[in-house]
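Visitor: The opening position of the sequence shown corresponds to residue 1 in the UniProt record's numbering, with each subsequent residue numbered one higher.
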Amino acid sequence: MNCKERRNLCRALEQAQSQTNAEGAGEEVQKEAGPSTSNMVETQVQQEQPEVPEESTNQNPTDQSREEEIDRLKLRVQIEYEERKEKSDVFSGLQEKARQSVQDEIQNQATANSFLRGQVESGKNQNQTDQLDKQKQELEREVSSLKQALNTEKNKVEALERERQQLTTEVSGPKQALGDYQTLQQEKVGLQSAVKDLRLNLSQEKEVTDVLRSRVNDLSQKIQEQEEISQALNQKVQTQTSTFRSAIERCQTAITCAVAQKDQLTTTVDSTKQELEALRLKHSDEMSAEQQQRSLLQERIEELSKALSATDQNNSDLEKQRLELQGTLRAKEDELQETLRAKEEEPQGTLRAKEEELQETLRAKEEELQGTLRAKEEELQETLKAKEEELHHHHQLDHHQSEEEEEEEEVVLLWLLSARRGIRGPGSNTDQDTIRPEDSVRADHVFHRSLDHPSCEGTALDTELHGGMELCSS
Numbered sequence: 001m002n003c004k005e006r007r008n009l010c011r012a013l014e015q016a017q018s019q020t021n022a023e024g025a026g027e028e029v030q031k032e033a034g035p036s037t038s039n040m041v042e043t044q045v046q047q048e049q050p051e052v053p054e055e056s057t058n059q060n061p062t063d064q065s066r067e068e069e070i071d072r073l074k075l076r077v078q079i080e081y082e083e084r085k086e087k088s089d090v091f092s093g094l095q096e097k098a099r100q101s102v103q104d105e106i107q108n109q110a111t112a113n114s115f116l117r118g119q120v121e122s123g124k125n126q127n128q129t130d131q132l133d134k135q136k137q138e139l140e141r142e143v144s145s146l147k148q149a150l151n152t153e154k155n156k157v158e159a160l161e162r163e164r165q166q167l168t169t170e171v172s173g174p175k176q177a178l179g180d181y182q183t184l185q186q187e188k189v190g191l192q193s194a195v196k197d198l199r200l201n202l203s204q205e206k207e208v209t210d211v212l213r214s215r216v217n218d219l220s221q222k223i224q225e226q227e228e229i230s231q232a233l234n235q236k237v238q239t240q241t242s243t244f245r246s247a248i249e250r251c252q253t254a255i256t257c258a259v260a261q262k263d264q265l266t267t268t269v270d271s272t273k274q275e276l277e278a279l280r281l282k283h284s285d286e287m288s289a290e291q292q293q294r295s296l297l298q299e300r301i302e303e304l305s306k307a308l309s310a311t312d313q314n315n316s317d318l319e320k321q322r323l324e325l326q327g328t329l330r331a332k333e334d335e336l337q338e339t340l341r342a343k344e345e346e347p348q349g350t351l352r353a354k355e356e357e358l359q360e361t362l363r364a365k366e367e368e369l370q371g372t373l374r375a376k377e378e379e380l381q382e383t384l385k386a387k388e389e390e391l392h393h394h395h396q397l398d399h400h401q402s403e404e405e406e407e408e409e410e411v412v413l414l415w416l417l418s419a420r421r422g423i424r425g426p427g428s429n430t431d432q433d434t435i436r437p438e439d440s441v442r443a444d445h446v447f448h449r450s451l452d453h454p455s456c457e458g459t460a461l462d463t464e465l466h467g468g469m470e471l472c473s474s
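Here's what the structure looks like:
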């Protein structure tokens, strides 16, 4: 029997007792004073009886308002419990989706890594300098675009974090209105279930963190490989630039002799055309084979570029997922701290111990992740250095035979270009450094073979070479 029922019972007893007393007094007065007095007493009793129901009617609205307030509090607690349960279900669904997507990405990346490893081991050819520079520029543009996309995703995550804080502030208001003991007990049960869910979520997030750690290691390896490729390209460009400069210096000395020997070179060109035709037929098979190798190398480079783009995109997606998981974990931690502060009846020492335990667990996870990442990065750097040395050795063996021929072609081409533009070297003398007839024949042969080179067709170099040929024939 609650307080309300007791109060109602007491009021009913008081009303019955007052009626009994009034009836007894009326009968005694009627016996002593007669009918007139009896009528007066009955009138007085009738006037006194309605006073008790008025008191009860004055108290009933208060009890009713209290019942309505209690019902509202119960309804508010039920709504808040459903909202928390819905948020927990949404968070579990997001974790499951993130775990599935990470597993799919790991499987796809493993396939891509095996394919790239096979391509790197089988790649034995090297493209021209202009193609390598173009590939490097494309990679730089792709990296910049991926960085911009990463910044955009970070801004979105910050906006979601601000929205989450606003929602947390709005929800904290109804919590303070819960002062009833029954509501506190229900919220205590909800807090215990939330702690259990948080522990379960922490165990699940640990598994996701391990998967993300392996994914980050793979991405670090790919980035290191691309950086080493870029360094190798830069070194190749510097080497060829120094070779070109030395060739230009030699050509400037030969140009002074070319002006004096112009007539002799004109007569020699006619005699060497037949030899040039024979040499062109002889080297046509070699040029076709070289063109096929270059096309294969170009296809491999394009495939590697696509793989790099996909790797960078996966890196940005994983970074976004990591930030989302960290934000969710912080939100859960903040919500738990606010709920623990609201419960004044619970021991403060237990709540602080739980909070410190959660913080120590988070710190241990972050330190473990950072240490593992450093160790993996060092291991990947050593592996990549070994692969770079092996690839460099293969490239040296493959291109050792054609280095002398390429240098001679570059020297002759630069010499003809300089003749077309009328360059004079310092201290030139027409009586010194004359060109021999056999050197002219060899230069004309290399010149025509360079004109037929696929990388020279339709370019500014092609135009300059034809102009140099016309100048020599005139």
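Each residue gets a CB set at the ideal place from its N, CA and C atoms; glycine is no exception.
Whose C-alpha, out of G327, Q326, L304 and A331, is nearest the C-alpha of L139?
Guide: Residue mapping note: residue 139 aligns to position 139 of the sequence shown, counting from 1. With distances taken between Cα atoms, L139 lies closest to L304.
Visitor: What's the call for S474, buried or exposed, on a 16-neighbour Cβ count within 10 Å?
Guide: As a first step, residue 474 must be located in the sequence shown, where it is residue number 474. Model confidence at S474 stands at a pLDDT of 44, short of 50, so the residue's coordinates are unreliable; what they give is reported in the following sentence. By the neighbour-count rule (16 or more Cβ atoms within 10 Å), S474 is not buried but exposed.
Visitor: When you compare only the Cα positions, how much space is there between R341 and L358?
Guide: Here residue 341 is taken as the residue at index 341 of the sequence shown, counted from 1. Here residue 358 is taken as the residue at index 358 of the sequence shown, counted from 1. Their Cα atoms are separated by approximately 16 Å.
Visitor: In angstroms with no decimal places, state the Cα-to-Cα distance between T243 and D317.
Guide: Taking the first residue of the sequence shown as position 1, residue 243 is located at position 243. Taking the first residue of the sequence shown as position 1, residue 317 is located at position 317. If you take the alpha carbons of T243 and D317, they lie about 44 Å apart.
Visitor: I'd like to check one pair, L198 with K332: are the Cβ atoms closer than 8 Å?
Guide: Position 332 of the sequence shown, counted from the start, is the residue given in the question as residue 332. Position 198 of the sequence shown, counted from the start, is the residue given in the question as residue 198. Yes; because the gap between Cβ atoms is below 8 Å, this pair is in contact.
Visitor: Is the CB of E389 under 8 Å away from at least one CB in chain D?
Guide: Chain labels in this structure do not include chain D; a single protein chain is all it has.
Visitor: Assuming the contact rule is C-beta atoms closer than 8 Å, R322 and L212 should be a hit. Round their C-beta distance to whole Å, please.
Guide: Within the sequence shown, residue 322 is the residue found at index 322, counting from 1. Within the sequence shown, residue 212 is the residue found at index 212, counting from 1. The Cβ separation is near 6 Å, so the contact holds.
Visitor: Cα separation between V41 and R76?
Guide: What you label residue 41 is simply residue 41 of the sequence shown in a count that begins at 1. What you label residue 76 is simply residue 76 of the sequence shown in a count that begins at 1. Summary for V41: the model assigns pLDDT 38, below 50, so the residue's position carries little reliability; its value from the coordinates is reported in the next sentence. Looking at the two C-alpha atoms, the distance is approximately 54 Å.
Visitor: Considering only the alpha carbon of each residue, which of L297, E225, D133 and H393 lies closest to Q238?
Guide: Mapped onto the sequence shown, residue 238 falls at position 238. That would be D133, whose Cα lies nearest to the Cα of Q238.
Visitor: Among A364, G327 and T361, which one has its Cα closest to the Cα of E158?
Guide: On the sequence shown, residue 158 is found 158 positions in, with the first residue counted as 1. Nearest C-alpha to E158: G327.
Visitor: For L160, count neighbouring C-beta atoms within 10 Å of its own C-beta (all shown protein chains included) and say buried if the count is 16 or more, exposed if not.
Guide: Translated into positions along the sequence shown, residue 160 becomes position 160. Its Cβ having fewer than 16 others within 10 Å, L160 is exposed.
Visitor: Could you say which of D89, Y81 and Q100 lies nearest to E207 if we only look at CA atoms?
Guide: If you number the sequence shown from 1, residue 207 lands on position 207. Measuring from the Cα of E207, the nearest candidate turns out to be Q100.
Visitor: Tell me whether D312 is buried or exposed, calling it buried when 16 or more other Cβ atoms sit within 10 Å of its Cβ.
Guide: As a first step, residue 312 must be located in the sequence shown, where it is residue number 312. Taking all protein chains shown into account, D312 has 16 or more neighbouring C-beta atoms within 10 Å of its C-beta and is therefore buried.
Visitor: Given a cut-off of 8 Å, decide if E228 and L384 are closer than it, judged by their beta-carbon atoms.
Guide: Your numbering for residue 384 matches position 384 in the sequence shown. Your numbering for residue 228 matches position 228 in the sequence shown. In this structure, E228 lies closer than 8 Å to L384 by Cβ.
Visitor: L325 and E163 - do their beta-carbons sit closer together than 8 Å?
Guide: Counting from one through the sequence shown, the residue named residue 163 turns up at place 163. Counting from one through the sequence shown, the residue named residue 325 turns up at place 325. It is not a contact, given that the beta carbons lie outside the stated cut-off.
Visitor: Output needed for E142: all residues of its chain with C-beta closer than 6 Å, excluding positions within five of it in sequence on either side, in chain order.
Guide: In the sequence shown, the residue the question calls residue 142 occupies position 142. Excluding sequence neighbours, E142 sits near S309.
Visitor: Going straight from the alpha carbon of Q107 to that of S284, what length do you get?
Guide: Taking the sequence shown and counting its residues from 1, one reaches residue 107 at position 107. Taking the sequence shown and counting its residues from 1, one reaches residue 284 at position 284. Spanning the two alpha carbons is a distance of roughly 46 Å.
Visitor: What are the uninterrupted segments assigned as beta strand (DSSP E) that are 3 or more residues long and contained completely in the region 339 to 388, given in chain order?
Guide: none
Visitor: Can you say whether T361 is buried or exposed, counting buried as having 16 or more other CB atoms within 10 angstroms of its CB?
Guide: Position 361 of the sequence shown holds residue 361. When all chains shown are included, T361 counts as exposed.
Visitor: From G371, E319, Q185 and A307, pick the residue whose C-alpha is nearest to that of T111; which is it?
Guide: Residue numbering aside, residue 111 sits at position 111 when the sequence shown is read from its first letter. Here the closest residue by C-alpha is A307.
Visitor: How about N217 and K376: do their beta carbons lie closer than 8 Å?
Guide: Walking along the sequence shown from the start, residue 217 turns up at place 217. Walking along the sequence shown from the start, residue 376 turns up at place 376. K376 sits close to N217, with the two beta carbons spaced by under 8 Å.
Visitor: Rounded to whole angstroms, what's the CA-CA distance from R72 to K196? Just pull it up for me.
Guide: Start at 1 with the first residue of the sequence shown, and residue 72 comes out as number 72. Start at 1 with the first residue of the sequence shown, and residue 196 comes out as number 196. Taking the straight line joining both Cα atoms gives about 28 Å.
Visitor: If you draw a straight line from the alpha carbon of H393 to that of D334, how long is it in whole angstroms?
Guide: For this step, residue 393 is matched to residue 393 along the sequence shown. For this step, residue 334 is matched to residue 334 along the sequence shown. Answer to the nearest angstrom: the Cα atoms are 57 Å apart.
Visitor: Assuming K320 contacts E153 (C-beta within less than 8 Å), just tell me the rounded distance between them.
Guide: Counting from one through the sequence shown, the residue named residue 320 turns up at place 320. Counting from one through the sequence shown, the residue named residue 153 turns up at place 153. Sure, about 5 Å apart at Cβ, within 8 Å.
Visitor: Mind checking I301: buried by the 16 CB within 10 Å criterion, or exposed?
Guide: Taking the first residue of the sequence shown as 1, we reach residue 301 at position 301. Per the 10 Å Cβ criterion, buried.
Visitor: For K222, which residues from the same chain have a beta carbon less than 6 Å from its beta carbon, with the 5 sequence-adjacent residues on both sides left out?
Guide: The sequence position of residue 222 within the sequence shown is 222, counting from 1. Contacts found: T311.
Visitor: Report yes if the CB atom of E355 is closer than 8 Å to the CB atom of Q337, and no otherwise.
Guide: For the purposes of this step, residue 355 is taken as residue 355 along the sequence shown, with counting starting at 1. For the purposes of this step, residue 337 is taken as residue 337 along the sequence shown, with counting starting at 1. Against a cut-off of 8 Å, the Cβ pair of Q337 and E355 comes out as a contact.
Visitor: Measuring alpha carbon to alpha carbon, tell me which residue in E67, Y81 and L380 is nearest S193.
Guide: For the purposes of this step, residue 193 is identified with residue 193 of the sequence shown, where counting begins at 1. Cα-wise, what sits closest to S193 is Y81.
Visitor: What residue from L233, Q137, K136 and N315 has the CA that sits closest to A149's CA?
Guide: On the sequence shown, residue 149 is found 149 positions in, with the first residue counted as 1. Considering only alpha carbons, the answer is N315.
Visitor: Measuring straight from C-alpha to C-alpha, what distance separates T372 and E379?
Guide: Taking the sequence shown and counting its residues from 1, the one referred to as residue 372 is at position 372. Taking the sequence shown and counting its residues from 1, the one referred to as residue 379 is at position 379. Cα to Cα, T372 sits roughly 11 Å from E379.
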